[in-house]
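A.B. asks:
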Amino acid sequence: MKTLLTITALVFLTVAATAGQPFKAEKGSKITVAGTSTMHDWTMVSEEIQVEATIADGGGTVEGLKLIVPVTTLKSHKSSMDDNAYKALKSDKNPQIIFNLKTSQAKGASLLQGSGQLTIAGVTKDISLEGKLEALANGKYKITGSYTLDMEAYQVEPPSFMFGTVNTGKEVTISYEIILSK
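For the sequence shown, the numbering used here gives the first residue as 25, with consecutive numbering after it.
(1) Out of I144, L204 and K206, point me to the one whose CA is closest to T96's CA.
(2) Thinking C-alpha only, which one of E72, L113, D116 and T67 is nearest G52?
(3) Pull the bridge partners of L91 from the DSSP assignment, please.
(4) Which residues bound the beta strand (DSSP E) around Y261?
(5) Check this for me: beta carbons of L136 and V86, under 8 Å apart or not?
(6) Report yes or no: do the region 160-176 and the region 184-198 share at least 3 C-beta pairs separated by less than 8 Å?
(7) Taking only three categories from DSSP, how would you classify V196?
(8) Please determine, among G140, D81 and T192, the residue with the shortest C-alpha to C-alpha distance to V57.
(9) Buried or exposed: where does S128 fall if 16 or more other Cβ atoms within 10 Å of its Cβ makes it buried?
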C-alpha cells in the first residue's frame with residue numbers, strides 16, 4: 025500500500041511538473057485593427073486586452089490561450105469613427121471580441137501554427153493563423169502575428185461615413201503583440 029501511494033505521488037508530481045505554466049498579458053500588449061476606406065487607410069488600437077495563456081515548459085508551444093478585447097477600448101483618435109465602428113460591431117449587445125486557441129504546434133524555431141475560435145459581433149468562426157513565439161528575459165514571452173478577415177463573414181456591415189460618401193473596405197487585418205508574464 026505504501027508503495028502504491030509513493031508511485032501515485034510520483035506520477036502526480038511528474039504530471040504537475042511537466043504541465044505548462046500560466047501567463048497573463050503585461051502592459052504594452054496591444055491589438056491593432058487596420059483597414060481601408062475610400063478616403064484613407066485607418067487603424068484602431070487597444071492596449072486594454074485581457075489574455076490568459078499556458079506556455080509549454082521549454083517555451084516551444086502555446087498550450088492554451090484566451091484573448092478578450094473590450095470593443096470600446098479600440099481607439100482610432102477620431103471619436104466619430106470609433107462610434108461608427110462600435111455600432112457596426114454591435115458593441116451594445118456584444119461588448120467583447122474573443123479568441124480561444126484550441127490547438128497550436130511549432131513550425132520551426134519560433135513559428136507557431138494555431139487554430140481556434142474567433143467571436144466578433146456575436147458570430148463565432150473557426151480560424152487558423154500563424155504567429156511567432158519569442159522567449160524574452162525574466163521568463164517572459166512575446167507572441168506576435170496578424171490575421172486578415174472579411175467583416176461580412178461576421179455579419180459586420182463595413183461602416184460608412186458622411187452620408188455614405190466614404191465607405192470602409194470589407195477586409196481588416198488584426199495584428200497582435202502580446203507580452204506574457206507569470
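Idealized CB from N, CA, C, for every residue including glycine.
C.D. replies: In short, the structure shows the following:
(1) Stepping through the sequence shown from its first residue, residue 96 is reached at position 72. Ranked by how close their Cα comes to the Cα of T96, the residues I144, L204 and K206 have I144 in first place.
(2) Counted from its first residue, the sequence shown places residue 52 at position 28. In terms of CA proximity to G52, E72 leads the group E72, L113, D116 and T67.
(3) The residue given as residue 91 occupies position 67 in the sequence shown. Paired residue(s): V75 and F123.
(4) Residue numbering for the chain in the displayed model covers 25 to 206; residue 261 lies beyond these limits and cannot be assessed.
(5) Counted from its first residue, the sequence shown places residue 136 at position 112. Counted from its first residue, the sequence shown places residue 86 at position 62. Yes, the Cβ-Cβ distance between L136 and V86 is below 8 Å.
(6) Two segments are said to touch when three or more pairs of C-beta atoms, one from each, lie closer than 8 Å; by this definition the region 160-176 touches the region 184-198.
(7) Residue numbering aside, residue 196 sits at position 172 when the sequence shown is read from its first letter. Strand, per DSSP.
(8) For the purposes of this step, residue 57 is identified with residue 33 of the sequence shown, where counting begins at 1. The option with the nearest alpha carbon to V57 is T192.
(9) As a first step, residue 128 is located in the sequence shown; it is residue number 104 there, counting from the start. Answer is buried; the Cβ neighbour count reaches 16.
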